[in-house]
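Q:
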Amino acid sequence: MLRLRAVCPFSWRAFQFRSCSCKPLITEMIKCTDEGQIFDLIQKSKAILSEKQVECAFNILWQFQKQKTSFLKNVECVRDHPQFITLHNLATSQMEFMNDDTLVNVLYLTQQCATETHDLLVEALVTEAWRRLERFDINMLSKFSFCLANQHLYFSPLMGKIADIVHRKLETIEDLSFVKLFVALGPMAGPEEKEQLKSTILLMSEELTSQQALAVMGAMEEMESRNSHLNKKIASILHKHLDNYKPIELLKITRALIFLHFQNKELFVKLRELLHSYLKISVIPSEISILVYALSILPSPYLDEVEISRIEAVLPQCDLTDLNSFATSVLRWIHYDRTYLDNTTGKQLKLLQKLDHYGLQRLQKCTNLNLLWEELKSLKGDWFAESLLEETVAALHRLMDEINYKNVAEIASFLSRTNYLSTLLLDRIASVVLQQTEKIHPFAILPIILPFSVLNYDPPQSDEFFGICVQHLNSYLSVLDPLMLVFLGFSLATLEYFPEDLLQAIFNIKFLAKMDSQLEFLCSSLSMRVQLRLMELNRAVCLECPEYQIPWFHDRFCQQQYNKDTGSVNGAQQQINKMLAEVLGGTNYVKASVLTPYYHKIDFECILDKRKKPLPYGSNNITLGKLPKMHWESNTQITGSTLPPGAERIALEFLDSRAFCSNTPHLKGKSAMKKRHLEILGYRVIQIPHFEWNSMALSTEEARMDYLRECIFGEGKS
Numbered sequence: 005m006l007r008l009r010a011v012c013p014f015s016w017r018a019f020q021f022r023s024c025s026c027k028p029l030i031t032e033m034i035k036c037t038d039e040g041q042i043f044d045l046i047q048k049s050k051a052i053l054s055e056k057q058v059e060c061a062f063n064i065l066w067q068f069q070k071q072k073t074s075f076l077k078n079v080e081c082v083r084d085h086p087q088f089i090t091l092h093n094l095a096t097s098q099m100e101f102m103n104d105d106t107l108v109n110v111l112y113l114t115q116q117c118a119t120e121t122h123d124l125l126v127e128a129l130v131t132e133a134w135r136r137l138e139r140f141d142i143n144m145l146s147k148f149s150f151c152l153a154n155q156h157l158y159f160s161p162l163m164g165k166i167a168d169i170v171h172r173k174l175e176t177i178e179d180l181s182f183v184k185l186f187v188a189l190g191p192m193a194g195p196e197e198k199e200q201l202k203s204t205i206l207l208m209s210e211e212l213t214s215q216q217a218l219a220v221m222g223a224m225e226e227m228e229s230r231n232s233h234l235n236k237k238i239a240s241i242l243h244k245h246l247d248n249y250k251p252i253e254l255l256k257i258t259r260a261l262i263f264l265h266f267q268n269k270e271l272f273v274k275l276r277e278l279l280h281s282y283l284k285i286s287v288i289p290s291e292i293s294i295l296v297y298a299l300s301i302l303p304s305p306y307l308d309e310v311e312i313s314r315i316e317a318v319l320p321q322c323d324l325t326d327l328n329s330f331a332t333s334v335l336r337w338i339h340y341d342r343t344y345l346d347n348t349t350g351k352q353l354k355l356l357q358k359l360d361h362y363g364l365q366r367l368q369k370c371t372n373l374n375l376l377w378e379e380l381k382s383l384k385g386d387w388f389a390e391s392l393l394e395e396t397v398a399a400l401h402r403l404m405d406e407i408n409y410k411n412v413a414e415i416a417s418f419l420s421r422t423n424y425l426s427t428l429l430l431d432r433i434a435s436v437v438l439q440q441t442e443k444i445h446p447f448a449i450l451p452i453i454l455p456f457s458v459l460n461y462d463p464p465q466s467d468e469f470f471g472i473c474v475q476h477l478n479s480y481l482s483v484l485d486p487l488m489l490v491f492l493g494f495s496l497a498t499l500e501y502f503p504e505d506l507l508q509a510i511f512n513i514k515f516l517a518k519m520d521s522q523l524e525f526l527c528s529s530l531s532m533r534v535q536l537r538l539m540e541l542n543r544a545v546c547l548e549c550p551e552y553q554i555p556w557f558h559d560r561f562c563q564q565q566y567n568k569d570t571g572s573v574n575g576a577q578q579q580i581n582k583m584l585a586e587v588l589g590g591t592n593y594v595k596a597s598v599l600t601p602y603y604h605k606i607d608f609e610c611i612l613d614k615r616k617k618p619l620p621y622g623s624n625n626i627t628l629g630k631l632p633k634m635h636w637e638s639n640t641q642i643t644g645s646t647l648p649p650g651a652e653r654i655a656l657e658f659l660d661s662r663a664f665c666s667n668t669p670h671l672k673g674k675s676a677m678k679k680r681h682l683e684i685l686g687y688r689v690i691q692i693p694h695f696e697w698n699s700m701a702l703s704t705e706e707a708r709m710d711y712l713r714e715c716i717f718g719e720g721k722s
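What follows is the structure, encoded as structure tokens:
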């Protein structure tokens, strides 16, 4: 993405052109050497500060932060300083007097000073900029679009409005300010707009600088560009400037080229040479981890002994982010190249052991939750989950009293992402929300609720907790992003919580039309995820809250999805299918891959009469809906809809590890909700956990047959 210089291209010299009344104070600001001096000036002059001086103060504070390494940044101290709050208030009060350029610059700088993306000043600046949008020129639209992208508002109605303005002005764009718009708007443009954007860039590609080409490549990666002509053109520009890029930029280039399936042996050879040369001289841990990661994703990756020694030398200085990056790279090497000699693989395994040691040591020594979170927030992958997760949760338990309204959503998101059930942390999260609700922004409610939904956990005072969360959102229902509302509604439904105001806000023609128009701009995977969540929410409401009289309208969507589903069967399901036929008395007594009303798919179904005797399919003429394509030879189709008096329909489900929390055999939310729905549909539900089926107690076929008999008939050996 574009740097500050590209987005806010004003420098210290720019201030000399401002009004004479601004000059003395601005000159004093420029002479300041640290944040404290700036804040002293703000305190002395707050009664007379103009909007230009406010902009200057924001700019200088950000310049101070940019000059510091990650270990010396003190954004928390800056953000919480009383005079920074004064600066915010001044910016808010003078907003209407700011010219367009000052307005957007203050918005950008406010974001960069580490204020929350939902900060009230940010919201006010965005709202004011929206009001002026039609008069913004292309450069101003570029800056503003970039600010919105920083807030992850790619698919907001406001971005849609900007895209519409750009579409109208596209033919008049004659300079490379268009590159900024391409980067900001590319991911959310429609198919036609994307092609038009790409075509315009291709006409201007000869004029691209090295940084502009890098930014365009990043946007093409986000758009999953398949325009081979444009890809080759941008790659050739990158190749030409390759010697001038920094390690982090080389990583971005490598990642984009791999993602776009770019084929150019000469370019990859040059990339590898540069990465190795940087690695041999670098002494900065974060830079070394970047270089190693970039090398690991190149074709035919390798590290020599000198480079492995360089990694080992910097491990004591590494934070968790760097350690995780190293571990991911080493695991990728081991996975990619099975032809390594044993001693080489041995060195890599020893390196992994050292990474474990330093990771655990860093977690055990951590004494500040916010500093810990800075290192945790981007961690993912097998190494973290297998080696550090338990110790990370232990550290969070130790620092639990530091969870507050500022970081509660972040800790909740971490638990959702890791699938780790910690009732202590979840109870603390609920307690913070109940005590500090008014300080929590409504947009943080979804990530706060998510772990309770995913992990299927009700905290103490659960009704009060969920009630206050929903109440906190009610006045924002008309302005919340449609995607957020759908995900929020589904998360609450998983918890058996169905707030009527929220559901009425979602299930109406106006909202659904708005969401449909938004889906056109989403990537295919996100669009499908949203549609599936809306279907699952629609199903839950129809089954669990029929009194709301919300219609079921997903038949066609579900049929399309199940027609596409080729399906797959694991070994355990095949075993169970065969054994059920024996236990029940034949293959015509069990049906596999059943599709129920409302399109729940279950592994196996059987029917017992009132004496608990299995009933064969084909003789009772019972139908439960159209079956999807069977994964093994199908049984006789069943027709009709009624069961004999006293008979019961049984659903058997094999549950693999995805149905349970990562640290305990506790059923997760979606699996629990499915069980509820099947019971509403009239099934007795038997869930077969993978850890029971694969246990030592069921290591023989006879033991497993006995287990199935007990589950179905309530009896052991026959």
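Residue 5 is where the sequence shown starts when you use the numbering used here, and the numbers rise one by one after that.
Here a beta-carbon is modelled for each residue, glycine too, at the ideal position from N, C-alpha and C.
Return yes when the C-beta of Pro-669 is under 6 Å from any heavy atom of the ligand NAP, and no when it is not.
A: Only the bare structure without any ligand can be found here, which leaves the ligand NAP out of the picture.
Q: DSSP three-state label for Cys-610, please.
A: Your numbering for residue 610 matches position 606 in the sequence shown. Residue state, collapsed to three classes: strand.
Q: Between Phe-266, Leu-275, Gly-222, Ala-223, which has its C-alpha nearest His-245's C-alpha?
A: Along the sequence shown, one-based indexing puts residue 245 at 241. The option with the nearest alpha carbon to His-245 is Leu-275.
Q: Using the DSSP secondary-structure output, state which residues sit across from Ala-655 in a beta bridge.
A: Locating residue 655 in the sequence shown gives position 651, where the first residue counts as 1. Paired residues: Glu-609, Val-689.
Q: What are the start and end residues of each continuous beta strand (DSSP E) run of 3 or more residues lying completely inside the stretch 84-147, in chain order?
A: If we require 3 residues or more, the stretch 84-147 turns out to have no beta strand (DSSP E) run fully inside it.
Q: Following the continuous alpha helix (DSSP H) through Leu-674, name the residue where it begins and the one where it ends.
A: Within the sequence shown, numbered from 1, the residue matching residue 674 stands at position 670. What sits at residue 674 in the sequence shown is Lys, not Leu. 673-684 is the extent of the alpha helix (DSSP H) around Lys-674.
Q: In three-state DSSP terms, what is Leu-628?
A: Counting from one through the sequence shown, the residue named residue 628 turns up at place 624. With a pLDDT of only 35 at Leu-628, under 50, the local geometry of the prediction cannot be trusted, and the value read off the model is given with reservation. DSSP places Leu-628 in coil when its eight states are reduced to three.
Q: Within the continuous alpha helix (DSSP H) that includes Val-474, where are the two ends?
A: Residue 474 sits at position 470 when you count from the first residue of the sequence shown. Run containing Val-474: 466-478, per the alpha helix (DSSP H) assignment.
Q: Should Val-747 be labelled buried (16 or more other beta-carbon atoms within 10 Å of its own) or exposed?
A: No statement about residue 747 is possible, as the shown extent of the chain runs from 5 to 722 and does not include it.
Q: Can the beta-carbon of Leu-489 be found closer than 7 Å to that of Ile-510?
A: For the purposes of this step, residue 489 is taken as the residue at position 485 of the sequence shown. For the purposes of this step, residue 510 is taken as the residue at position 506 of the sequence shown. The answer is yes: Cβ separation under 7 Å.
Q: My guess is that Arg-653 and Ile-611 are in contact by the Cβ rule of under 8 Å, so how many angstroms apart are they, rounded?
A: Your numbering for residue 653 matches position 649 in the sequence shown. Your numbering for residue 611 matches position 607 in the sequence shown. Confirmed, about 5 Å.
Q: Are the beta-carbon atoms belonging to Leu-359 and Leu-327 less than 7 Å from one another?
A: By one-based count along the sequence shown, residue 359 stands at place 355. By one-based count along the sequence shown, residue 327 stands at place 323. Yes, these two residues count as a Cβ contact at 7 Å.
Q: Among Ser-304, Gly-493, Gln-267, which has the Cα closest to the Cα of Asp-505?
A: In the sequence shown, the residue the question calls residue 505 occupies position 501. Here the closest residue by C-alpha is Gly-493.
Q: Check for me: the beta strand (DSSP E) holding Leu-599 runs from which residue to which?
A: One-based indexing of the sequence shown puts residue 599 at position 595. Counting along the chain, the beta strand (DSSP E) containing Leu-599 begins and ends at 595-599.
Q: For Pro-618, does the three-state DSSP call read helix, strand or coil?
A: Translated into positions along the sequence shown, residue 618 becomes position 614. Reduced to three states, the DSSP call for Pro-618 is strand.
Q: Given a cut-off of 7 Å on the beta-carbon distance, is the pair Leu-429 and Pro-463 in contact?
A: Taking the sequence shown and counting its residues from 1, the one referred to as residue 429 is at position 425. Taking the sequence shown and counting its residues from 1, the one referred to as residue 463 is at position 459. Not in contact: Leu-429 and Pro-463 (Cβ atoms no closer than 7 Å).
Q: With the cut-off set at 7 Å, would you say Leu-113 and Phe-62 are in Cβ contact?
A: Mapped onto the sequence shown, residue 113 falls at position 109. Mapped onto the sequence shown, residue 62 falls at position 58. A contact, by the Cβ cut-off of 7 Å.
Q: Short of 6 Å in beta carbon distance, which residues of its chain neighbour Leu-212, apart from the five on each side in sequence? Order them along the chain.
A: For the purposes of this step, residue 212 is identified with residue 208 of the sequence shown, where counting begins at 1. Excluding sequence neighbours, Leu-212 sits near Ile-241.
Q: Less than 8 Å between the CB atoms is what I'm expecting for Leu-299 and Leu-380, so what's the real figure, rounded?
A: Start at 1 with the first residue of the sequence shown, and residue 299 comes out as number 295. Start at 1 with the first residue of the sequence shown, and residue 380 comes out as number 376. At roughly 25 Å, the Cβ-Cβ gap does not stay under 8 Å, so Leu-299 and Leu-380 are not in contact.
Q: Just to confirm, is the Cβ distance from Glu-59 to Gln-98 under 7 Å?
A: Numbered from its first residue, the sequence shown carries residue 59 at position 55. Numbered from its first residue, the sequence shown carries residue 98 at position 94. Their beta carbons are not under 7 Å apart, which means Glu-59 does not touch Gln-98 by this criterion.
Q: Excluding the five sequence neighbours on either side, which residues of its own chain have a C-beta within less than 6 Å of the C-beta of Lys-322, listed in chain order?
A: In the sequence shown, residue 322 corresponds to position 318, counting from 1. Looking at the sequence itself, residue 322 is Cys, so the reference to Lys does not match. For Cys-322, where only same-chain residues beyond five positions count, the Cβ hits under 6 Å are Pro-289.
Q: Quick one: measure Cβ to Cβ for Asn-574 and Phe-608, integer angstroms, because I've assumed they're closer than 8 Å.
A: If you number the sequence shown from 1, residue 574 lands on position 570. If you number the sequence shown from 1, residue 608 lands on position 604. Contact flag wrong, Cβ pair sits at about 13 Å.
Q: Cα separation between Gly-363 and Gln-565?
A: Translated into positions along the sequence shown, residue 363 becomes position 359. Translated into positions along the sequence shown, residue 565 becomes position 561. Cα-Cα distance, rounded: 43 Å.
Q: Measure the CB-CB distance between Val-334 and Leu-356 and report whether it falls below 7 Å.
A: Indexing the sequence shown from 1 puts residue 334 at position 330. Indexing the sequence shown from 1 puts residue 356 at position 352. Yes, the Cβ-Cβ distance between Val-334 and Leu-356 is below 7 Å.
Q: The alpha helix (DSSP H) spanning Ser-521 covers which residue range?
A: Indexing the sequence shown from 1 puts residue 521 at position 517. Element bounds for Ser-521: 513-523.
Q: Less than 7 Å separating the beta-carbons of His-243 and Leu-271?
A: Looking up residue 243 in the sequence shown gives position 239. Looking up residue 271 in the sequence shown gives position 267. Yes, Cβ-Cβ distance for His-243 and Leu-271 is below 7 Å.
Q: Quick one: grab the DSSP three-state call for Phe-664.
A: Mapped onto the sequence shown, residue 664 falls at position 660. Phe-664: strand per DSSP, three-state reduction.
Q: With a cut-off of 8 Å on the beta carbons, I'd call Trp-134 and Leu-111 a contact; round off their distance for me.
A: For the purposes of this step, residue 134 is taken as the residue at position 130 of the sequence shown. For the purposes of this step, residue 111 is taken as the residue at position 107 of the sequence shown. The pair is not a contact, with the Cβ atoms about 11 Å apart (cut-off 8 Å).
Q: So, helix, strand or coil for Thr-640, using DSSP?
A: Here the question's residue 640 lines up with position 636 in the sequence shown. Bear in mind that the predicted position of Thr-640 carries a pLDDT of just 26, short of 50, making it too unreliable to give a figure here.
Q: What first and last residue would you give for the alpha helix (DSSP H) that runs through Leu-438?
A: Taking the first residue of the sequence shown as 1, we reach residue 438 at position 434. Counting along the chain, the alpha helix (DSSP H) containing Leu-438 begins and ends at 427-440.
Q: For Lys-147, count neighbouring C-beta atoms within 10 Å of its own C-beta (all shown protein chains included) and say buried if the count is 16 or more, exposed if not.
A: Residue mapping note: residue 147 aligns to position 143 of the sequence shown, counting from 1. Buried is the call here.
Q: Does the pairing of the stretch 536-548 with the stretch 666-683 give three or more beta-carbon distances under 8 Å?
A: Judged by Cβ distances under 8 Å, the stretch 536-548 makes contact with the stretch 666-683, as three or more pairs qualify.
Q: Please classify Tyr-461: is it buried, with 16 or more other beta-carbons within 10 angstroms of its beta-carbon, or exposed?
A: Along the sequence shown, one-based indexing puts residue 461 at 457. Tyr-461 should be labelled buried.
Q: How big is the Cα-Cα spacing for Leu-207 and Gln-522?
A: Walking along the sequence shown from the start, residue 207 turns up at place 203. Walking along the sequence shown from the start, residue 522 turns up at place 518. So the two alpha carbons sit approximately 29 Å from each other.
Q: Is Leu-345 buried or exposed, if buried means 16 or more other CB atoms sit within 10 Å of its CB?
A: Here residue 345 is taken as the residue at index 341 of the sequence shown, counted from 1. The predicted position of Leu-345 is uncertain, since its pLDDT is 48 and thus under 50; a value taken from the coordinates is nonetheless stated next. Answer is exposed; the Cβ neighbour count stays below 16.
Q: Considering only the beta carbon of each residue, do Pro-455 and Ala-398 sit closer than 7 Å?
A: Taking the first residue of the sequence shown as position 1, residue 455 is located at position 451. Taking the first residue of the sequence shown as position 1, residue 398 is located at position 394. No, these two residues do not count as a Cβ contact at 7 Å.
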